[in-house]
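Engineer: Chains as they are written, first to last, in my numbering: chain A, 1 to 473; chain B, 474 to 813. Quick reminder that beta carbons are idealized off the backbone N, C-alpha and C, glycines included. Given the structure is predicted, the values throughout are model-derived calculations rather than measurements. Dropping the structure in here first, questions after.
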Amino acid sequence: MTINTLAKGGWNREQMACFRKMERVIVAMQDPDMGMKMRNQRLLITVIPHAMTGRDIIDWLMQKYNICEEEALHVGGMLVKYGYIYPLKEPRSLVLRPDESPYRFQTPYFWTSTRWPASELDYAIYLAKKNIRKQGELMEYEKERYSVLHKRINHTWDFVVMQAREQLRASKQRRKADRIVLECQEQAYWLINRPPPGSPNVLDMGLDKPNNFSSRVTLNSDYYKTEIENCKRALGRNRVKSSICLEGFVKYSEQYLNHDPIMQGCLPSNPWISDDTAHWTMNADMVPIPTRLRVERWSFSFVELLNDPMGRREFMTYLEKEFSAENLCFWQACEDVRHGENSRIVEKVEEIYKNFLAPGAARWVNIDSKTMDKTLEGIRHPHRFVMDDAQMHIYFLMKKDSYPRYLKSDLYKNMLAKAIVPQETKKSVFPFMRRQRHASPSPAQAARHGIEEDGQAKGGSQAAANSGGGSHT
Amino acid sequence: MGEMEQLRKEADSLKDQITAARKAVQDTTLQEAAAGVTVVGRVQMKTRKTLRGHLAKIYAMHWGTDSTLCVSASQDGKLIVWDSITTNKVNAIPLKSSWVMTCAYAPSGNLVACGGLDNMCSIYNLKGKDGNVKVMRELAAHTGYLSCCRFLSDSEIITSSGDCTCVLWDIETGTQKTVFAGHQGDCMSLAVSPDFKFFISGACDFTAKLWDIREGQCRQTFGGHESDINAIGFFPNGNAVITGSDDATCKLYDLRADQELITYQDSSIMCGVTSLAPSLSGRLLLAGYDDFNVNIWDALKAERVGVLAGHDNRVSCIGVSSDGMACCTGSWDSFLKIWN
Numbered sequence: 001m002t003i004n005t006l007a008k009g010g011w012n013r014e015q016m017a018c019f020r021k022m023e024r025v026i027v028a029m030q031d032p033d034m035g036m037k038m039r040n041q042r043l044l045i046t047v048i049p050h051a052m053t054g055r056d057i058i059d060w061l062m063q064k065y066n067i068c069e070e071e072a073l074h075v076g077g078m079l080v081k082y083g084y085i086y087p088l089k090e091p092r093s094l095v096l097r098p099d100e101s102p103y104r105f106q107t108p109y110f111w112t113s114t115r116w117p118a119s120e121l122d123y124a125i126y127l128a129k130k131n132i133r134k135q136g137e138l139m140e141y142e143k144e145r146y147s148v149l150h151k152r153i154n155h156t157w158d159f160v161v162m163q164a165r166e167q168l169r170a171s172k173q174r175r176k177a178d179r180i181v182l183e184c185q186e187q188a189y190w191l192i193n194r195p196p197p198g199s200p201n202v203l204d205m206g207l208d209k210p211n212n213f214s215s216r217v218t219l220n221s222d223y224y225k226t227e228i229e230n231c232k233r234a235l236g237r238n239r240v241k242s243s244i245c246l247e248g249f250v251k252y253s254e255q256y257l258n259h260d261p262i263m264q265g266c267l268p269s270n271p272w273i274s275d276d277t278a279h280w281t282m283n284a285d286m287v288p289i290p291t292r293l294r295v296e297r298w299s300f301s302f303v304e305l306l307n308d309p310m311g312r313r314e315f316m317t318y319l320e321k322e323f324s325a326e327n328l329c330f331w332q333a334c335e336d337v338r339h340g341e342n343s344r345i346v347e348k349v350e351e352i353y354k355n356f357l358a359p360g361a362a363r364w365v366n367i368d369s370k371t372m373d374k375t376l377e378g379i380r381h382p383h384r385f386v387m388d389d390a391q392m393h394i395y396f397l398m399k400k401d402s403y404p405r406y407l408k409s410d411l412y413k414n415m416l417a418k419a420i421v422p423q424e425t426k427k428s429v430f431p432f433m434r435r436q437r438h439a440s441p442s443p444a445q446a447a448r449h450g451i452e453e454d455g456q457a458k459g460g461s462q463a464a465a466n467s468g469g470g471s472h473t
Numbered sequence: 474m475g476e477m478e479q480l481r482k483e484a485d486s487l488k489d490q491i492t493a494a495r496k497a498v499q500d501t502t503l504q505e506a507a508a509g510v511t512v513v514g515r516v517q518m519k520t521r522k523t524l525r526g527h528l529a530k531i532y533a534m535h536w537g538t539d540s541t542l543c544v545s546a547s548q549d550g551k552l553i554v555w556d557s558i559t560t561n562k563v564n565a566i567p568l569k570s571s572w573v574m575t576c577a578y579a580p581s582g583n584l585v586a587c588g589g590l591d592n593m594c595s596i597y598n599l600k601g602k603d604g605n606v607k608v609m610r611e612l613a614a615h616t617g618y619l620s621c622c623r624f625l626s627d628s629e630i631i632t633s634s635g636d637c638t639c640v641l642w643d644i645e646t647g648t649q650k651t652v653f654a655g656h657q658g659d660c661m662s663l664a665v666s667p668d669f670k671f672f673i674s675g676a677c678d679f680t681a682k683l684w685d686i687r688e689g690q691c692r693q694t695f696g697g698h699e700s701d702i703n704a705i706g707f708f709p710n711g712n713a714v715i716t717g718s719d720d721a722t723c724k725l726y727d728l729r730a731d732q733e734l735i736t737y738q739d740s741s742i743m744c745g746v747t748s749l750a751p752s753l754s755g756r757l758l759l760a761g762y763d764d765f766n767v768n769i770w771d772a773l774k775a776e777r778v779g780v781l782a783g784h785d786n787r788v789s790c791i792g793v794s795s796d797g798m799a800c801c802t803g804s805w806d807s808f809l810k811i812w813n
């Protein structure tokens with residue numbers, strides 16, 4: 001199979017990987033030992049050899065790839081959509097039917113990847129053949145295209161007609177069965193490469209991304225020198241054992257399992273399913289009492305605690321008791337420099353110096369002298385990352401010292417104890433709703449049920465009123 | 474031997490040594506490591522909402538950091554901000570250029586950005602004083618199409634482009650702060666690390682690169698794919714990079730082991746990956762494909778555990794909301810669907 005290298009680079013790249021894989025499947029399907037069992041199929045009064053039924057295709061795919069029927073229908077459907085298998089009955093409908101409908105393999109000559117891209121000349125010859133063979137055989141859209149081509153490549157029209165006549169003459173000398181087969185194959189090819197208006201174009205590649213050859217990196221000495229530098233640095237890096245890394249992922253997933261709504265559902269109910277936004281209300285940034293899962297997350301890592309505004313507030317309260325709140329204030333001020341507007345960096349850095357770093361500052365932070373010197377030097381020419389080292393130092397100080405003690409403190413333990421575990425509410429509108437996966441089966445308490453009914457009714461009617469442009473299933 | 478030839482040989486030899494060093498830390502297989510993990514079982518998700526309104530192919534979508542707002546970009550020349558729970562359109566922003574390929578929502582919720590074949594990244598202010606959404610900045614300097622963009626904050630944004638570079642911009646002044654060059658093919662996609670210190674980019678040179686935002690350098694390069702990398706994302710703990718490619722596979726590269734540890738592939742999947750998103754715990758990996766489906770992978774066992782089939786054309790973009798509640802898919806069939 002040749003790939004036309006004159007075709008636009010973008011098309012080639014994306015499609016070819018897909019085509020090659022499908023072709024591998026097709027070849028496997030035609031393997032004399034492990035491939036499909038084919039038989040003669042009757043089409044009206046003619047017998048077509050080497051055909052198979054849609055059912056055969058699906059069964060073979062299910063068996064070969066160990067997939068369910070739905071999947072096999074999907075994979076088989078792709079093979080038909082891309083023209084590797086074509087239907088004998090209803091040839092214009094490129095769909096795989098899971099029944100006795102007959103199908104045939106497309107000859108590699110007519111694979112899209114073989115004759116890429118389909119040429120205007122070939123299409124003109126094909127339409128001319130159809131026109132000559134039987135008047136009125138061209139469909140409306142084909143007639144339109146035919147006349148457009150006639151105008152566009154008028155200079156070669158004699159050649160087109162001559163070729164068409166020649167091919168028709170050659171086909172008359174074939175057996176009827178072969179002739180029908182060739183016509184079907186050719187028709188299938190053109191249904192894909194020149195789809196009728198309104199039907200999906202499987203060869204649609206989306207936006208034409210221009211090939212920017214000028215901006216490609218030139219492989220010269222400088223390039224290789226940088227590569228060598230990068231490689232030397234890469235070689236020197238510490239590599240952690242794969243077992244430790246994989247274990248890290250396993251542990252992380254297990255730790256967050258109960259917090260993953262897609263895996264475990266969520267309480268009181270998933271707003272997307274029940275249209276009740278109670279879950280979000282309970283987990284808003286600042287609530288009087290947080291949910292238990294949320295408070296648990298604060299103990300997973302220092303980052304989790306700092307990322308939650310409520311967690312940060314709690315931690316600040318704790319630090320105030322320990323008279324080390326200036327650390328968190330300093331860290332927050334540094335974050336503000338890092339992520340804030342460029343134009344205010346100088347002023348913010350000055351504030352930080354005044355409040356936290358200057359000798360005798362009101363909220364002086366304890367940084368080691370080396371980092372302090374480096375930071376003070378950097379402050380003379382402030383930039384976004386000038387506080388990075390100092391911020392990192394204080395971050396680790398809090399992480400190693402204050403954070404673990406916070407988790408053991410009464411403040412945290414009390415918060416965890418009084419945190420809410422929401423009761424599950426079932427969507428009461430549709431009695432046949434599927435049950436929440438993994439949700440606890442505890443029934444809603446009578447009193448809570450009353451309140452939540454109201455909440456649900458409100459949520460439900462609001463959704464109905466607003467859903468002018470959309471729908472929910 | 475010419476100087477360049479010698480340098481090339483030296484580079485190749487160093488690359489071989491790196492490969493050997495990587496192999497040296499491979500002390501287990503995925504099967505062994507995940508042997509004790511409980512099986513997930515079949516994951517079935519239903520379409521909960523369908524967001525209708527676009528009139529042409531949807532090329533990109535991005536969730537905001539609150540739970541229900543998301544932005545989508547379509548070839549009909551519109552950027553739409555949706556309140557996905559009510560399916561209302563909060564904003565419908567007409568674009569100057571309809572050839573849009575990417576969009577992004579700022580973490581603050583104040584800004585959205587988009588770009589495409591116009592080679593520019595346009596920033597829109599959603600919270601303008603008079604209520605109108607206007608262009609705030611047009612970041613123009615790329616010499617190729619804009620394939621992806623992600624905000625670091627309201628002041629900085631990172632873009633990836635068909636000119637093989639990624640750029641860090643200062644939004645206020647509209648200037649380039651850092652240019653990240655090194656890829657040998659169009660950069661197709663980027664993702665920012667959870668701590669905002671690094672970002673990763675996937676390109677048509679079949680590699681993914683990890684960049685240090687502050688230093689402007691490429692820290693690590695990961696290869697192994699056999700075709701363009703279209704989609705890229707971080708594993709939720711920030712220690713691994715997940716890529717999706719035209720070769721119909723997804724791969725997980727660990728940053729600490731400096732190599733590929735897991736490949737997600739199936740011989741019955743033949744079409745390329747267009748987009749991917751991990752679930753909140755990282756246990757599930759949702760990936761959108763050219764064959765109109767989304768496949769759900771058990772990320773730790775590299776097995777398929779579900780399929781989302783509901784679109785009538787290619788799934789071009791996918792995202793999991795920041796609280797992990799729902800997954801949104803956008804497709805060339807002009808619809809967005811919310812699943813869970």
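Pair every Cβ in the region 664 to 672 of chain B with every Cβ in the region 681 to 694 of chain B, then say whether three or more of these pairs are closer than 8 Å.
Structural biologist: Enough Cβ pairs lie closer than 8 Å, so yes.
Engineer: For a contact defined as C-beta to C-beta under 8 Å, what are the partners of B:V498 on chain A?
Structural biologist: Chain A residues near B:V498: R239, V240, K241, S242.
Engineer: Can you tell me which of the three DSSP states A:I26 falls into?
Structural biologist: Helix, per DSSP.
Engineer: Can you check whether the CB of B:C622 is closer than 7 Å to the CB of B:C639?
Structural biologist: Going by C-beta atoms, B:C639 is not nearer than 7 Å to B:C622.
Engineer: At the 7 Å Cβ level, is B:A760 part of the contact set with chain A, yes or no?
Structural biologist: No, because no Cβ of chain A sits closer than 7 Å to the Cβ of B:A760.
Engineer: Output needed in chain order: residues of the region 566 to 595 of chain B with a Cβ under 8 Å from some Cβ in chain A.
Structural biologist: Residues W572, M574, G589, L590.
Engineer: I need the boundaries of the beta strand (DSSP E) containing B:S595, first residue and last residue.
Structural biologist: That run of the beta strand (DSSP E) goes 593 to 598.
Engineer: By how many angstroms is the C-alpha of A:G340 removed from the C-alpha of A:H383?
Structural biologist: Distance between the alpha carbons of A:H383 and A:G340 is about 11 Å.
Engineer: What is the DSSP secondary structure of B:G779, reduced to helix, strand or coil?
Structural biologist: Looking at B:G779 - three-state DSSP - the assignment turns out to be strand.
Engineer: How would you list, in chain order, the residues of chain A whose beta-carbon sits under 7 Å from the beta-carbon of B:E645?
Structural biologist: The contacting residues are E341, N342, S343.
Engineer: Counting only Cβ pairs nearer than 7 Å, list the residues of chain A close to B:M477.
Structural biologist: The answer, in chain order, is N220, S221, Y224.
Engineer: Ordered along the chain, which non-local residues of its own chain (more than five positions away) have a Cβ less than 7 Å from that of B:D739?
Structural biologist: Around B:D739: R777.
Engineer: Please confirm if B:D764 has its CB atom under 7 Å from at least one CB of chain A.
Structural biologist: Chain A, which has a Cβ nearer than 7 Å to the Cβ of B:D764, makes this yes.
Engineer: Return yes when the Cβ of A:W331 is within less than 7 Å of the Cβ of A:Y395, no when it is not.
Structural biologist: Against a cut-off of 7 Å, the Cβ pair of A:W331 and A:Y395 comes out as a contact.
Engineer: Compute the Euclidean distance between the alpha carbons of A:N414 and A:T291, then round it to the nearest angstrom.
Structural biologist: In a straight line, the C-alpha of A:N414 is about 13 Å away from that of A:T291.
Engineer: Have a look at A:K418 and A:R297 and give me their C-alpha separation to the nearest angstrom.
Structural biologist: Those two C-alpha atoms are separated by around 15 Å.
Engineer: Please compile the residues from chain B whose C-beta is within a distance smaller than 7 Å of the C-beta of A:V75.
Structural biologist: Neighbours of A:V75 on chain B, chain order: S741.
Engineer: Shortest alpha-carbon distance to B:C576 belongs to which of B:I742, B:V544, B:L568?
Structural biologist: When each option's Cα is compared against that of B:C576, the closest is B:V544.
Engineer: Alpha carbon to alpha carbon, what distance is there between A:P32 and A:P98?
Structural biologist: C-alpha separation (whole angstroms): 23 Å.
Engineer: On the criterion of 16 or more Cβ atoms from any shown chain inside 10 Å, does A:S269 qualify as buried, or is it exposed?
Structural biologist: Per the 10 Å Cβ criterion, buried.
Engineer: Drop a sphere of 10 angstroms on the beta-carbon of A:T2, count the other beta-carbons inside from all chains shown, and report buried for 16 or more, exposed for fewer.
Structural biologist: Annotation note: pLDDT 28 at A:T2 (below 50); position unreliable, no value reported.
Engineer: For chain A, is any of its Cβ atoms less than 7 Å away from the one on B:A493?
Structural biologist: B:A493 does not count as touching chain A.
Engineer: Quick check on A:Y412 - is its C-beta less than 7 Å from some C-beta in chain B?
Structural biologist: Chain B, which has no Cβ nearer than 7 Å to the Cβ of A:Y412, makes this no.
Engineer: Cβ of B:V714 less than 7 Å from any chain A Cβ?
Structural biologist: Cβ-Cβ to chain A under 7 Å: no for B:V714.
Engineer: When the cut-off is 7 Å and only beta carbons count, does B:G635 lie next to chain E?
Structural biologist: Among the protein chains of the structure shown, namely A and B, there is no chain E.
Engineer: Using the beta-carbon count (16 or more within 10 Å), is A:S440 buried or exposed?
Structural biologist: Its pLDDT being 33, under 50, A:S440 is placed unreliably by the model, and the measurement read from it follows with that caveat. A:S440 comes out exposed.
Engineer: Which residues in the same chain have their Cβ closer than 6 Å to the Cβ of B:C594, if we skip the five residues on either side of it in sequence?
Structural biologist: Closer than 6 Å at the Cβ level, and outside the excluded window around B:C594, lie A586, G588, L612, L619, C622, T632.
Engineer: With 8 Å as the C-beta to C-beta threshold (strictly closer), list the residues of the region 693 to 710 of chain B near chain A in chain order.
Structural biologist: Correct list: Q693, T694, E699, S700, D701, F708, P709, N710.
Engineer: Can you pull the chain B neighbours of A:K232, defined as C-beta to C-beta under 8 Å?
Structural biologist: Chain B residues near A:K232: L487.
Engineer: Which value, in whole angstroms, describes the spacing of the CA atoms of A:D336 and A:Y223?
Structural biologist: Using only the alpha carbons, I get a separation of about 38 Å.
Engineer: Give the straight-line distance between the Cα atoms of B:L663 and A:S324, rounded to the nearest whole angstrom.
Structural biologist: Using only the alpha carbons, I get a separation of about 39 Å.
Engineer: At a Cβ threshold of 7 Å, is B:V437 touching chain A?
Structural biologist: The structure shown does not extend to residue 437 of chain B, since chain B spans only 474 to 813, so no value can be given for it.
Engineer: Which residues in chain A have a C-beta closer than 9 Å to the C-beta of B:Y618? List them in chain order.
Structural biologist: Those within 9 Å of B:Y618 in chain A are L207, K209, P210, N212.
Engineer: Classify A:A170 as buried or exposed, calling it buried when 16 or more other Cβ atoms lie within 10 Å of its own Cβ.
Structural biologist: Exposed, because fewer than 16 other Cβ atoms sit within 10 Å of the Cβ of A:A170.
Engineer: Note the first and the last residue of the continuous alpha helix (DSSP H) segment covering A:L246.
Structural biologist: Element bounds for A:L246: 242 to 256.
Engineer: Expressed to the nearest angstrom, what Euclidean distance is found between the alpha-carbon atoms of A:Y146 and A:Y123?
Structural biologist: If I take the Cα positions, the gap works out to 9 Å.
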